[in-house]
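Peer 1:
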Amino acid sequence: MYHPKTIAWDDQLKRMFDRIDRELEDAYGGRWALRRNRPRRGATSNPEADGLFNVGTFFTPGYGSEHGRGYLVEVILATDEAVPAAQRNEIEERVRDLLLEYLPEYFPDRKLYVDRDGSMYKIHGDTGLGRL
């Protein structure tokens, strides 16, 4: 069972990443063939489960990271085709730019940052839930 603040945080992240998914699908959808078992965009009720992109986060306590705890941003392309490194970097940079634009909108009372942490971007800063 989760605390209501955790549920609210996760819901906001989900809404923001669904929006980012839509923008990526608009810009890059159809550029590469979907995996055979991947439904076309809009075929499911969850954008994570269809189309070319699955974009989301997972929490990390940040041991060994210069940015500490936060949410690593995962960008998965549901294709078996080789995606050139330059295009992959372009997509990841676009995700970073969208995060920098949308984080203040979805989390207006928090100081959140997006930085490289190893091979991925990380959302870090004021990610706490306050007093539970």
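First residue of the sequence shown? That's 708 in this note's numbering, and the numbers climb one at a time after it.
Yeah, the Cβ is synthetic: ideal placement off N, Cα and C, and Gly gets one too.
1) Beta-carbon separation of Ile830 and Leu805 under 9 Å?
2) In chain order, what are the residue ranges of uninterrupted beta strand (DSSP E) at least 3 long that sit wholly in the stretch 736-810?
3) Pull the bridge partners of Tyr709 from the DSSP assignment, please.
4) Is the number of C-beta pairs between the stretch 730-746 and the stretch 795-803 that are closer than 8 Å three or more?
5) Assign Lys721 to one of three DSSP states: helix, strand, or coil.
6) So, under 8 Å CB-CB, Ser772 and Asp824 are touching, yes? Tell me the CB distance rounded to an integer number of Å.
7) Using the beta-carbon count (16 or more within 10 Å), is Phe724 buried or exposed?
8) Applying the criterion that 16 or more other CB atoms from any shown protein chain within 10 Å of the CB defines a buried residue, is Pro698 buried or exposed?
9) Using the three-state DSSP reduction, which class does Leu836 fall into: helix, strand or coil?
10) Taking buried to mean at least 16 other C-beta atoms within 10 Å of its own C-beta, is Gly758 buried or exposed?
11) Are there 16 or more other CB atoms within 10 angstroms of the CB of Asp728, so buried, or fewer, so exposed?
Peer 2: Let me spell this out:
1) no
2) Listed in chain order, the complete beta strand (DSSP E) runs (minimum 3 residues) inside the stretch 736-810 are 760-767 and 777-784.
3) The partner list for Tyr709 (beta bridge, DSSP) is empty, contrary to what the question assumes.
4) With the cut-off at 8 Å, the stretch 730-746 and the stretch 795-803 touch.
5) The answer is helix: DSSP assigns Lys721 an H, G or I state.
6) 5 Å
7) buried
8) Any question about residue 698 goes unanswered here, given that the chain covers just 708 to 839.
9) coil
10) buried
11) That one is buried.
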